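Engineer: What the sequence shown shows, in my numbering, is residues 473 to 590, in sequence order.
Below is the structure I would like to discuss, written out as structure tokens.
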Amino acid sequence: MINHALSFTNRSGLTAVKYKGWMQEVGFENVREEKFAVPGNPWVKGTEQKQLGRMQMENILQGIHRVSMTLCTKVLGMAPEEVEPLLENVRKDLMNRNIHLHYIACQYKRGNLQGHKS
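Following this line, the structure appears as structure tokens:
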């Protein structure tokens, strides 16, 4: 629903898949894309991974209301009373450790710009 709303604003929540290509288009050489999973809540084993999941969950919980309410009401024309129950379910799912939520994150490493020396 959020990506649908973003499409009306000429934006996308999926642009990250284009980063490597964009870096190569502007001249970066040897662009390496390393993908790794980031837990979306503290369902994972291990102290560090649980902490990472907790932090990720808190980040999403803190921003989801404003972003979703703005897009759903101003872009999709929904009433706030329609959006709030949806957000309540999203919050419950985010905090549910039985839902093994994770995000795919990417790290980019690069060499020099073509024709430039460092």
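Think of the CB as a built atom: it goes at the ideal place given N, C-alpha and C, for glycine as much as any other residue.
None of these values were measured; they are calculated from a predicted model.
Measuring only the C-alpha atoms, how far is Thr519 from Ala477?
Structural biologist: Distance between the alpha carbons of Thr519 and Ala477 is about 37 Å.
Engineer: If you run the structure through DSSP and keep just helix, strand and coil, what is Arg483?
Structural biologist: Reduced to three states, the DSSP call for Arg483 is coil.
Engineer: The beta strand (DSSP E) with His537 in it runs from where to where?
Structural biologist: Premise fails: His537 lies in the alpha helix (DSSP H), 519 to 542, not in any beta strand (DSSP E).
Engineer: With DSSP as the reference, please indicate the residues paired to His574 in a beta bridge.
Structural biologist: The partner list for His574 (beta bridge, DSSP) reads Pro511.
Engineer: Nearest CA to the CA of Arg526: which residue from Ile576, Arg569, Ala577?
Structural biologist: Closest by alpha carbon: Arg569.
Engineer: Assuming Tyr575 and Val510 form a contact by the criterion Cβ under 8 Å, report the distance between their Cβ atoms to the nearest whole angstrom.
Structural biologist: Right, the Cβ-Cβ distance comes to about 5 Å (below 8 Å), so this counts as a contact.
Engineer: On the CB-based measure, 16 or more other CB atoms within 10 Å of its CB, does Gln528 come out buried or exposed?
Structural biologist: Under this definition Gln528 is a buried residue.
Engineer: Based on Cα-Cα distance, which residue from Phe508, Met541, Gly493, Lys581 lies nearest to Val562?
Structural biologist: Nearest option by C-alpha distance: Met541.
Engineer: With Leu566 and Gly512 assumed to form a contact (beta carbons below 8 Å), what rounded beta-carbon distance in angstroms separates them?
Structural biologist: Contact holds; Cβ gap of about 7 Å.
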